[in-house]
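The structure appears right after this line, and notes come after that.
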Amino acid sequence: MIERRKTAGELSLKAASDSTDYDVNEVGQALAENEKIAKELWDVVQRHNPIFNEDEYCIGYVIAGDPLLSNLRRRKFFAMLYLPSPRPNQTVFLYNKRWDRFTKRLWTLPKPETMAILSETPYSQLALKWHDMKRWSDWFYQPDFWKKIRKQHAINLLSEKEFLEAHREELVKAGCKYVGSLGPDTLNFANVAAQKIIHPKIVSLPEKSFNV
């Protein structure tokens with residue numbers, strides 16, 4: 000007998016009913032050891048190594064919510080030639096192409112609530128294992144986040160804004176230009192035909208009444 004697979008909605012309800020008090024640090028360690036995440040990170044490396052000429056660049060992921068299922072979380076991976084903008088639920092690594100390995104974990108930011116608590120809690124009241132995350136959470140609320148990250152890790156990668164300004168002429172020559180999103184096509188009511196009128200305010204349309 001084939002067992003029916005649970006739907007995403009059922010799994011979401013199960014997650015919502017879980018009242019277990021998880022330790023954030025243990026969860027983070029488990030994620031770092033998760034083979035699936037490691038594989039995804041290396042897949043990003045394989046896709047971007049032929050494209051990026053720089054010896055070092057950033058690879059990371061964010062944990063994003065789903066617009067329909069509030070308890071569903073997805074990991075979205077990315078690679079950037081510059082230091083990405085910090086955001087909650089984000090982890091960023093530094094990858095070295097010459098050595099073909101991840102050399103540094105640049106930062107890890109937890110969920111917003113945890114960031115706020117860490118930022119407001121003195122170092123003396125936190126275990127040593129939380130100090131790095133508190134430091135990054137503190138910097139998140141300051142305008143010189145990237146400057147502090149560069150100093151901490153002894154790197155010289157630019158922020159997104161600095162990178163775009165430094166390579167402005169190259170980007171212009173390459174023909175890069177901003178393309179705005181297109182608006183939806185308006186509905187042409189001349190192409191709509193009513194099949195029959197059952198009620199003055201209720202119109203029944205045939206299956207192929209839209210000729211657009």
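Mapping of the sequence shown onto numbering that gives the first Met the number 0: residues 0 to 211, in sequence order. Positions of the beta carbon are idealized from the N, C-alpha and C atoms, including for glycine.
Item, Value
"Exposed or buried, which one is I116 when buried takes at least 16 other CB atoms within 10 Å?", "exposed"
"Just to confirm before moving on: does the CB-CB distance between W106 and I148 stay below 8 Å?", "yes"
"Can you tell me which of the three DSSP states T90 falls into?", "strand"
"Leaving aside the five residues before and after D65 along the sequence, list all residues of the same chain whose C-beta is less than 6 Å from its C-beta, in chain order.", "L71"
"For a quick check, are the C-beta atoms of F139 and P85 less than 8 Å apart?", "yes"
"With a CB to CB cut of under 8 Å and the five nearest residues on each side skipped, what residues in its chain are close to R100?", "Y94"
"Return the CA-CA distance between K133 and L80, expressed in angstroms with no decimal places.", "26 Å"
"What residues in its chain sit with their C-beta under 6 Å from that of Q89, if we drop five residues either side in the sequence?", "V61 and L108"
"Using three-state DSSP, classify A53 as helix, strand or coil.", "The residue asked about is misnamed: residue 53 is Glu in this sequence, not Ala. Reduced to three states, the DSSP call for E53 is coil."
"In the DSSP output, which residue or residues are listed as bridge partners for N48?", "DSSP lists no partner for N48."
"Under the assumption that I78 contacts I58 (Cβ atoms under 8 Å), give the Cβ distance between them as a whole number of angstroms.", "Looking at the sequence provided, one finds Ala at residue 78 rather than Ile. Their Cβ separation, rounded to whole angstroms, is 5 Å, which keeps A78 and I58 in contact under 8 Å."
"Are the beta-carbon atoms of W145 and S136 separated by less than 8 Å?", "no"
"Would you kindly report the start and end of the unbroken beta strand (DSSP E) that includes L105?", "R100 to L108"
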